[in-house]
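Peer 1: Handing you this structure, nothing more for now.
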Amino acid sequence: MKRLLALVAAIMALTACGTKTIQDLPRGKASAEMDQAFDNYLKAVEEAGLEMHSVMVVQHGKVVKEIWLGDAAPDIPHVLHSVSKTFTATAVGLAINDGLLSLTDRLVNFFPDKLPDMDLLPEEERANLEAVTVRDLLTMNCGHQKEPSGVRNGDKDWVEAFLAWPFTHAPGTYYCYNSMGTYVLSAIVQKVTGEKVVDYLTPRLFEPLHIEKPRWEESPQGINTGGWGLYLKTEDLAKMGQLFLKKGRWNGKQVLPAAWVDEASSYQVPSVPSGMDPAKGPEMVETSDWVQGYGYQMWRCRHNAYRADGASGQYIIVIPEKDAVIAATAKVNDMQKEINLFWDYLLPAL
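Sequence positions in the sequence shown follow my numbering and run 1474 to 1823.
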């Protein structure tokens, strides 16, 4: 009987280890207030008709609430859309730390063989293109009036098509959300490191955080798409948020330079998304999380928070004043409504 009990105990221990390992974030107990708030939040999600796939709340380094809905599951990677941008920017920051890049490096110097015929460009456009820096790409201020469209069609070289798109504004003066600009950042990292972004990040970011090497889509030129196309699990997103919350430190090791984390997550430029009247930006400061400013491929939020943000409701929200992170995946049309429910129900309970 004793042997049988010992065997059962051993099996239970192995099962527990298989479910939660040292690679996961530690789990903590939610307060009674958070338990009630989370229940109320889920009811509000249902009433709003939002298709949430997962939500994970981390506070003081421990997961206090987590849920997966529909077909989502803890071990299934989720499409991240533009949350991918934050990971590409992180690769840029690491390359800068490795001495391979600088924020002031000029775009034209990386791809001299892919430039349009500069003699045929209007003088102002040529000057604008020649002035674009790595920082301009990071802050979505490279000078395009609108994001290059159609450059992913056919057999076009994506970098070449990006460089041929009219640079109608002086770099650093005009915000234009630009996923292709992030692709170009991915191409720059690959050019200076000799590795695709996903491979460059593996020993420097993914392995220290115990994130299994993810899938990341590529262009026909064999370059990670950068601005989209990355797949990770919800807990991986929470880990990335926790890494930023702790200024780049993970288990006592400085994985990212603290100065880079501060810069990337700080207000660098004003942000008025495409389709929004810039004149209405100031009056929307109290109600919109899209006019709080933009960092290096990260958005500022209300409540002095900041986030990685992907289409259809993918979020890594870092809330320093609460020592908290919210990671979420979804398929929603109204992303402001999704984030409003975090502020209305979860924030007060943190």
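Glycine is no exception: its CB is placed at the ideal position from the N, C-alpha and C atoms.
The structure presented is a predicted model; accordingly, all values stated were derived computationally and were not measured.
#1: Return the bridge partner residues of ASP1439 from the DSSP annotation.
#2: Using a Cβ cut-off of 8 angstroms (strictly closer), state whether ALA1737 contacts chain C.
#3: Can you grab the Cα-Cα spacing for the pair GLU1760 / VAL1632, in whole Å?
#4: Should GLN1646 be labelled buried (16 or more other beta-carbon atoms within 10 Å of its own) or exposed?
#5: Out of GLU1811, ALA1564 and VAL1537, which has the shortest C-alpha to C-alpha gap to PRO1676?
#6: What is the DSSP secondary structure of LEU1705, reduced to helix, strand or coil?
#7: Name the two residues that bound the continuous beta strand (DSSP E) containing ALA1781.
#8: Go ahead and pull the three-state DSSP assignment for GLU1520.
#9: Looking at the unbroken alpha helix (DSSP H) that takes in SER1557, where does it start and where does it end?
#10: Taking one C-beta from the segment 1765–1775 and one from the segment 1530–1547 each time, how about it: are there three or more such pairs within less than 8 angstroms?
#11: Given that a residue counts as buried once 16 or more other Cβ atoms are within 10 Å of its Cβ, and exposed if not, what is LYS1726?
#12: Can you give me the start and stop residues for the alpha helix (DSSP H) that GLN1663 sits inside?
#13: Pairing CB atoms from the segment 1779–1789 with CB atoms from the segment 1548–1558, are three or more of them under 8 angstroms?
#14: Cβ of ALA1600 within 7 angstroms of any heavy atom in the ligand SAH?
#15: Once you ignore the five residues that flank GLN1694 on each side, which residues in its own chain have a CB closer than 7 angstroms to its CB?
Peer 2: So, to answer that:
#1: Summary: the structure shown does not reach residue 1439, with the chain confined to residues 1474 through 1823, and so no result is reported for it.
#2: In the structure shown, chain C does not exist; there is a single protein chain.
#3: Checking the sequence shown, residue 1760 turns out to be Thr, not Glu. Cα to Cα, THR1760 sits roughly 37 angstroms from VAL1632.
#4: Before going on, a small fix: residue 1646 reads as Thr here, not Gln. Its Cβ having fewer than 16 others within 10 Å, THR1646 is exposed.
#5: ALA1564
#6: strand
#7: 1779–1783
#8: helix
#9: 1557–1570
#10: no
#11: exposed
#12: 1652–1666
#13: yes
#14: Looking at this structure, you won't find the ligand SAH or any other ligand, since it has none at all.
#15: ASP1630 and TRP1631
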